[in-house]
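Numbering (this note's numbering), first residue to last: 8 to 201.
This is the structure we're talking about:
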């Protein structure tokens with residue numbers, strides 16, 4: 008993305024990102040990290056239900072279809088929903104690094120309107136890592152992965168400990184997630200969170 012702010016430019020000592028050896032295999036569906044996540048959770052009736060797949064290196068692809076509940080102007084996706092789709096996609100990149108990180112900054116360009124019923128095809132990649140900072144970029148297209156650009160974003164994610172969620176989340180949801188008898192779901196709720 009051209010013209011992003013200085014805070015989204017990796018410093019000179021940033022390193023090239025390295026895919027974690029335990030990252031999902033290219034093409035593998037990542038699934039929801041938490042059932043009630045607005046971006047990817049199946050338990051959100053009006054959520055995005057975004058589906059992401061691992062890509063090569065430290066990248067991924069994702070898709071979501073704009074539903075009537077996602078409207079801003081009549082018949083068009085709300086800009087905040089499109090920003091959420093980009094944020095969710097960028098946050099899912101942390102599966103490739105196997106790190107827990109949260110959005111520190113997100114800059115979005117809205118290039119063209121996205122009508123209700125349209126599937127948004129997203130591609131994202133981590134471009135650099137500097138200490139706890141993870142720099143990444145995403146692009147969303149309509150009509151397929153080679154279609155016209157509708158939205159794009161640059162972001163900075165910051166690595167955190169799991170305590171970040173436990174200390175700041177609402178007690179009721181934290182306890183529900185922590186008491187889930189399914190160990191995998193319990194761990195995923197806190198592993199990677201956009």
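Where is the CB? At the ideal position from N, CA and C, for every residue including glycine.
Computed from a predicted model, the values in this text were never measured in an experiment.
What is the DSSP secondary structure of residue i, counted as helix, strand or coil?
i	result
residue 127	strand
residue 201	With a pLDDT of only 44 at residue 201, under 50, the local geometry of the prediction cannot be trusted, and the value read off the model is given with reservation. Note: residue 201 maps to coil in three-state DSSP.
residue 163	strand
residue 23	coil
residue 114	strand
residue 90	helix
Count the other CB atoms within 10 Å of the CB of residue i; is the residue buried (16 or more) or exposed (fewer)?
i	result
residue 161	buried
residue 25	exposed
residue 155	exposed
residue 77	buried
residue 122	exposed
residue 31	buried
residue 66	buried
residue 23	exposed
Beta-carbon within less than 8 Å of residue i's beta-carbon, same chain only, minus the 5 sequence neighbours each way: which residues are those?
i	result
residue 54	44, 45, 46, 47 and 48
Roughly how many whole angstroms lie between the Cα atoms of residue i and residue j?
i	j	result
residue 142	residue 130	15 Å
residue 42	residue 166	22 Å
residue 40	residue 106	13 Å
residue 82	residue 51	21 Å
residue 64	residue 103	8 Å
residue 85	residue 97	19 Å
residue 150	residue 125	8 Å
residue 74	residue 92	13 Å
Give me whichever residues DSSP pairs with residue i in a beta bridge.
i	result
residue 104	In the DSSP output, where bridge partners are listed per residue, residue 104 has none listed.
residue 60	36 and 68
residue 84	78
Can you name, in chain order, every residue of its own chain whose Cβ lies under 6 Å from the Cβ of residue i, other than the five neighbours on each side?
i	result
residue 147	127, 129, 157 and 158
residue 21	135 and 137
residue 90	115
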